[in-house]
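J.: Counting from 47, one number per residue, gives the positions in the sequence shown under the numbering used here.
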Amino acid sequence: MFIDSHCHLDVEALDEQRDGLMKRCADVGIAGFLVPATTYKSWSKIASLAEHYPQWRVAYGLHPYFLNQAERSHIELLGEQSDASNALAVGEIGLDCWPGAIDLTLQMDFFRRQLSVSKSLHLPVILHTRKSEDLVLKCLRDIGVKEGGVVHAFNGSLEQAKRFVDLGFVLGIGGTVTYSRAKKAHRVLASLSSHSFVLETDSPDMPLSGFQGQVNTPLSIPMIAQHVASIRGESVEQIKMQTYNNLLSVFPRWNEDLF
Ligand SMILES: [Zn+2]
47 MFIDSHCHLD VEALDEQRDG LMKRCADVGI AGFLVPATTY KSWSKIASLA
97 EHYPQWRVAY GLHPYFLNQA ERSHIELLGE QSDASNALAV GEIGLDCWPG
147 AIDLTLQMDF FRRQLSVSKS LHLPVILHTR KSEDLVLKCL RDIGVKEGGV
197 VHAFNGSLEQ AKRFVDLGFV LGIGGTVTYS RAKKAHRVLA SLSSHSFVLE
247 TDSPDMPLSG FQGQVNTPLS IPMIAQHVAS IRGESVEQIK MQTYNNLLSV
297 FPRWNEDLF
């Protein structure tokens, strides 16, 4: 079965079509979804949707891109929320160093505090890294993060990939690899160990090549798997099996009845 290890299925853009979308996914064998939160406001919606969709797994966190909506008091509520709603991870958290991002000192403060929460809860982490891989690696080491997790939309070097894998992380591979111009991403993907990556869409964002401007959904997972298979010279079946096993290695509680 296919799993979408990173999709924002709680977004308003999917409100009308969520039920139908979940049915269509089931029909084509996309059987599990990890839905990470982005803002404090999104937590309660995700928690109630997860009770409705048994194939969902959830994580709570404060995304670095939306910290202008965040308060430090939200971090104190993160542990409580994660416990109460059977979160599998803390996320989406991280550092965003693209031009126009929020002040890095503020990002670092929220990131490090949320890493500490994940550590005290013994939960893996779902990482957002955008031009920030080395800094994120430093924070993980400083805090002593032990449970690993997923580096969502990994777009770093092979060297950085190995450092994340050494810390117990797997790399989230998504729509980027469907673009023929993404030569570096192709090279890194071709060289990764088969134990080190999972599939994701980042729905509703990160449309595949040829689908720009459209709402992305987990239905893109088989197409991403096809690209991954051809870049690595493996079969789609192999990719499906490896990525499922890799997911279970990071989230050992995935198949527990959580809701
Ligand atoms: Zn995301």
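The beta-carbon is built from N, C-alpha and C at its ideal position, and this holds for glycine as well.
1) For residue 108 versus residue 116, is the C-beta spacing smaller than 7 Å?
2) With a threshold of 8 Å, are at least 3 pairs of Cβ atoms found where one atom belongs to the region 183 to 195 and the other to the region 253 to 262?
3) Using three-state DSSP, classify residue 215 as helix, strand or coil.
4) Considering only their Cβ atoms, is the gap separating residue 137 from residue 92 smaller than 7 Å?
5) So does the region 272 to 291 actually touch the region 117 to 126, counting three or more Cβ pairs closer than 8 Å?
6) If we require 3 or more residues per run, which beta strand (DSSP E) segments fall completely within the region 206 to 263?
7) Just how far apart, CA to CA, sit residue 168 and residue 125?
8) Taking the alpha carbon of residue 105 as the reference point, which residue from 52, 65, 64 has its own alpha carbon closest?
9) Under 6 Å Cβ to Cβ from residue 202, same chain only, skipping five residues before and after it: list those, please.
10) If residue 112 and residue 84 are in contact, beta carbons under 8 Å, what's the gap, nearest whole angstrom?
11) Leaving out five residues before and five after residue 223 in sequence, what residues of the same chain have Cβ atoms less than 8 Å from its Cβ?
12) Can you list, in chain order, the residues of its chain with a C-beta nearer than 8 Å to that of residue 141? Leave out the 5 residues immediately preceding and following it.
13) Could you give the distance in angstroms between the alpha-carbon of residue 132 and the alpha-carbon of residue 139?
14) For ligand 1, is there a heavy atom less than 6 Å away from the beta-carbon of residue 138?
15) With the cut-off set at 7 Å, would you say residue 193 and residue 218 are in Cβ contact?
16) Distance, Cα to Cα, residue 267 vs residue 228?
T.: Judging by the given coordinates:
1) Mapped onto the sequence shown, residue 108 falls at position 62. Mapped onto the sequence shown, residue 116 falls at position 70. A contact, by the Cβ cut-off of 7 Å.
2) No, because fewer than three Cβ pairs between the region 183 to 195 and the region 253 to 262 fall closer than 8 Å, the two stretches do not touch.
3) Along the sequence shown, read from residue 1 onward, the residue named residue 215 stands at position 169. Here residue 215 carries a strand assignment [DSSP, helix/strand/coil].
4) Residue numbering aside, residue 92 sits at position 46 when the sequence shown is read from its first letter. Residue numbering aside, residue 137 sits at position 91 when the sequence shown is read from its first letter. Taking 7 Å as the cut-off, the beta carbon of residue 92 is found no closer than this to the beta carbon of residue 137.
5) Using a Cβ-Cβ distance cut-off of 8 Å, the region 272 to 291 and the region 117 to 126 are not in contact, since fewer than three pairs of beta carbons, one from each stretch, lie closer than that value.
6) Note on the region 206 to 263: whole beta strand (DSSP E) runs with a minimum of 3 residues are 215 to 219, 243 to 245, in chain order.
7) Along the sequence shown, read from residue 1 onward, the residue named residue 168 stands at position 122. Along the sequence shown, read from residue 1 onward, the residue named residue 125 stands at position 79. The straight-line gap from Cα to Cα measures roughly 11 Å.
8) Locating residue 105 in the sequence shown gives position 59, counting from the first residue. Out of 52, 65, 64, 52 has the C-alpha closest to the C-alpha of residue 105.
9) As a working mapping, residue 202 is identified with position 156 in the sequence shown. Only 179 meet the Cβ criterion.
10) As a position in the sequence shown, residue 112 is number 66, starting the count at 1. As a position in the sequence shown, residue 84 is number 38, starting the count at 1. The pair is a contact, with the Cβ atoms about 5 Å apart (cut-off 8 Å).
11) Taking the sequence shown and counting its residues from 1, the one referred to as residue 223 is at position 177. Excluding sequence neighbours, residue 223 sits near 231, 232, 235, 270, 273, 274, 277.
12) Walking along the sequence shown from the start, residue 141 turns up at place 95. If we look at residue 141 and ignore the five residues flanking it on each side, its Cβ neighbours are 110, 150, 153, 154, 157, 174, 175, 176, 178, 181, 182, 185.
13) Taking the first residue of the sequence shown as 1, we reach residue 132 at position 86. Taking the first residue of the sequence shown as 1, we reach residue 139 at position 93. Cα-Cα distance, rounded: 18 Å.
14) In the sequence shown, the residue the question calls residue 138 occupies position 92. Result yes, Cβ under 6 Å from ligand 1.
15) Translated into positions along the sequence shown, residue 193 becomes position 147. Translated into positions along the sequence shown, residue 218 becomes position 172. Not closer than 7 Å, so no.
16) As a working note, residue 267 is residue 221 in the sequence shown. As a working note, residue 228 is residue 182 in the sequence shown. Computed Cα separation, rounded: 18 Å.
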